[in-house]
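Visitor: Going down the list, the sequences are from chains W and V. Sequential numbering from 0 applies to the first sequence in numbering that gives the first Met the number 0. Sequential numbering from 0 applies to the second sequence in numbering that gives the first Met the number 0.
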Amino acid sequence: MKLGRGKRRSSPEFAKPQMTSLVDVLTVLVFFLLKNFSTEGDIVTPSKNLELPESSSKAKPEQMLNIAISTNHILVEGTPVAMVSEEQERAGNEIPGLSHFLEDKRKQTEEIAQYDKNVTFNGKLVIQGDRAIPYWLLQKVLATCGNNGYSSFSLAVNKKDVD
Amino acid sequence: MSGSVSGPAPGGKKRGGITSKGGGASGGAPIDLDMTPMMNMLIILISFLVTMVVFTQLAVIKFNLPPSQGGAGEEAKADSSDTKEKGPDVDITVVISESGFQVIGEGRKLDPIPKSSKGYDYPQLGMFMKKLKEEYPTSDNVVLLIDSNIVYQDIITSMDVMREQKFPNILLSGGVYQ
């Protein structure tokens, strides 16, 4: 207050903005963003047009084959392999489109593994399911993956704030 | 970029660097700090962080199928009748159906937990599981027997409840889809 008045008296044509509050706001914002900032980057890219369920799980995602189940499609690595409406009609646990894709993928990995010792087929998958999908769909996907040698699953979820 | 260029110009006009106030040579005149560089830095930092920030943090729930070598029909998930091979553990099965939860363990049934108008009664399920954990502290396994129309979010929340009550091994049971 004192500063402002003194300034105005000496040179009335310049209004001096009150910086303190602005700096406060910006500093708080910086701390907030720094807290949310993760240096890891996106290991699992969340698929568009599906809402992941919320969970209190804390486990970190890893890089692995990515299956997205939305309410309409099943996508592997962004490539649509099956339609949900068709699968609903089909009896049995196998999803042929997904099955073919996974089989190819596994053969590819195993072929690479012959030449590169660092690559092994570990059967890991991350499944991003929309929160509204029914269990039969998830079950079909899991069964198909299991039949093709993928047996280690990670269900992607949105971290719920519990703290 | 534009911030750093245009920033100092108006600031410089108003107050260049550290200026002493009032013009008077009186001792203890308040010093006006130049905030402009700091503001520039903060604004650039904020714009940087805003572009990088991830507002939804991803996590995963891990679970494994029993290891299986090829062969059709290995249903991957343990069927509720196949879970007897776990040795000393008790079999605790939680049935999730449209009407609510039902905890079944060691041949006895606990009271069903009905679904209310607001959805499933997770706290009640948590209390049941806590009691079971006290009764059988060595048991880690829970089989979830899920109706085929149960929504994914409810499954995940139920799994959360199990994990919070220290039943880390969650098995999903499944039949053949018809």
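Where is the CB? At the ideal position from N, CA and C, for every residue including glycine.
1) In three-state DSSP terms, what is P60(W)?
2) To the nearest angstrom, report how far apart T70(W) and R130(W) are at their CA atoms.
3) Run the CB neighbour count on M51(V), radius 10 Å, all protein chains shown included, and call it buried at 16 or more, exposed below.
4) Would you kindly check if the distance between the Cβ of G148(W) and the Cβ of G128(W) is under 8 angstroms?
5) Using a Cβ-Cβ cut-off of less than 7 angstroms, give me the residues of the region 75–96 of chain W that come near chain V, in sequence order.
6) Ordered along the chain, which non-local residues of its own chain (more than five positions away) have a Cβ less than 7 angstroms from that of V118(W)?
7) Is there a C-beta anywhere in chain W that falls below 8 angstroms from the one on E104(V)?
8) Can you give me the Cβ contacts of E50(W) inside the same chain, cut-off strictly under 7 angstroms, excluding the 5 residues immediately before and after it?
9) Here's the rule: buried if 16 or more other CB atoms are within 10 angstroms of the residue's CB, otherwise exposed. What is R107(V)?
10) Excluding the 5 residues preceding and the 5 following D120(V) in the sequence, name in chain order all residues of the same chain whose CB lies nearer than 6 angstroms to its CB.
11) Please identify, using Cβ separations under 7 angstroms, the residues of the region 108–125 of chain W that lie next to chain V, in order along the chain.
12) May I ask you to report which of helix, strand or coil DSSP gives T50(V)?
13) Can you give the Cα-Cα distance for L97(W) and Y151(V), rounded to whole angstroms?
14) In chain W, which residues lie less than 7 angstroms from L44(V) when you measure between Cβ atoms?
15) Looking only at C-alpha atoms, which of L64(W), L137(W), G91(W) sits nearest to P45(W)?
16) Just to confirm my understanding: we take V89(V), look at its own chain, exclude 5 residues before and 5 after, and list those with CB closer than 7 angstroms. What are they?
17) Based on Cα-Cα distance, which residue from K129(V), K61(V), I149(V), K132(V) lies nearest to P133(W)?
18) Tell me whether T82(V) sits in a helix, a strand or coil according to DSSP, three-state version.
19) Find the residues of chain V that neighbour K158(W), judging by a C-beta separation of less than 8 angstroms, and give them in chain order.
20) Tell me, please, whether the CB atom of F100(V) is closer than 8 angstroms to any CB atom in chain W?
21) Here's the rule I'm using: 16 or more other beta-carbon atoms within 10 Å means buried, otherwise exposed. How should V59(V) be labelled?
22) Can you confirm whether F36(W), when its beta carbon is compared against all beta carbons of chain V, has any partner nearer than 8 angstroms?
23) What residues of chain W sit near E163(V), judged by a beta carbon separation below 8 angstroms?
24) Under the DSSP definition of a beta bridge, which residues are partnered with S172(V)?
25) What's the call for G118(V), buried or exposed, on a 16-neighbour Cβ count within 10 Å?
26) I'd like the ranges of any beta strand (DSSP E) spanning at least 3 consecutive residues and lying wholly in the region 42–110 of chain W.
Guide: According to the structure shown:
1) Taking the first sequence and counting its residues from 1, the one referred to as residue 60(W) is at position 61. DSSP places P60(W) in coil when its eight states are reduced to three.
2) For this step, residue 70(W) is matched to residue 71 along the first sequence. For this step, residue 130(W) is matched to residue 131 along the first sequence. So the alpha carbons of these two residues sit roughly 9 angstroms apart.
3) Taking the second sequence and counting its residues from 1, the one referred to as residue 51(V) is at position 52. With fewer than 16 Cβ atoms within 10 Å of its Cβ, M51(V) is classed as exposed.
4) As a working note, residue 128(W) is residue 129 in the first sequence. As a working note, residue 148(W) is residue 149 in the first sequence. No; because the gap between Cβ atoms is not below 8 angstroms, this pair is not in contact.
5) A90, G91, N92
6) Your numbering for residue 118(W) matches position 119 in the first sequence. T108, I111, A112, listed in sequence order.
7) As a first step, residue 104(V) is located in the second sequence; it is residue number 105 there, counting from the start. The sequence as given places Gly at residue 104(V); Glu does not occur at that position. No, G104(V) lies away from the interface with chain W (no Cβ there is under 8 angstroms from its Cβ).
8) Indexing the first sequence from 1 puts residue 50(W) at position 51. Contacts found: D129, R130.
9) Here residue 107(V) refers to the residue found at position 108 of the second sequence. Exposed, since its Cβ has fewer than 16 Cβ neighbours within 10 Å.
10) Position 121 of the second sequence, counted from the first residue, corresponds to residue 120(V). So the list reads I112, once near-sequence residues are dropped.
11) V125
12) For the purposes of this step, residue 50(V) is identified with residue 51 of the second sequence, where counting begins at 1. T50(V) falls in the helix class under three-state DSSP.
13) Taking the first residue of the first sequence as 1, we reach residue 97(W) at position 98. Taking the first residue of the second sequence as 1, we reach residue 151(V) at position 152. Between L97(W) and Y151(V), the C-alpha separation is close to 20 angstroms.
14) Looking up residue 44(V) in the second sequence gives position 45. The contacting residues are V29.
15) Reading the first sequence from its first residue, position 46 is the one you call residue 45(W). Comparing Cα-Cα distances from P45(W) to each of L64(W), L137(W), G91(W), the minimum goes to L64(W).
16) By one-based count along the second sequence, residue 89(V) stands at place 90. Same-chain partners within the cutoff: G104, E105, Y135, S138.
17) Numbered from 1 along the first sequence, position 134 holds the residue referred to as residue 133(W). The shortest Cα separation from P133(W) among K129(V), K61(V), I149(V), K132(V) belongs to I149(V).
18) For the purposes of this step, residue 82(V) is taken as the residue at position 83 of the second sequence. Reliability fails at T82(V), whose pLDDT of 41 lies under 50, so the model's placement of it is uncertain and no value is given.
19) If you number the first sequence from 1, residue 158(W) lands on position 159. Here the neighbours are T55, Q56, L57, A58.
20) The count along the second sequence starts at 1 and reaches residue 100(V) at position 101. Judged by the 8 angstroms Cβ criterion, F100(V) is not in contact with chain W.
21) As a working note, residue 59(V) is residue 60 in the second sequence. Counting Cβ neighbours within 10 Å, V59(V) comes out buried, since at least 16 surround it.
22) As a working mapping, residue 36(W) is identified with position 37 in the first sequence. Chain V, which has a Cβ nearer than 8 angstroms to the Cβ of F36(W), makes this yes.
23) Locating residue 163(V) in the second sequence gives position 164, counting from the first residue. By Cβ distance, chain W contributes S55.
24) Along the second sequence, read from residue 1 onward, the residue named residue 172(V) stands at position 173. Note: S172(V) sits in a beta bridge opposite L144(V).
25) Against the second sequence, residue 118(V) aligns to sequence position 119. Flag for G118(V) reads exposed.
26) 64–68, 72–75, 78–82
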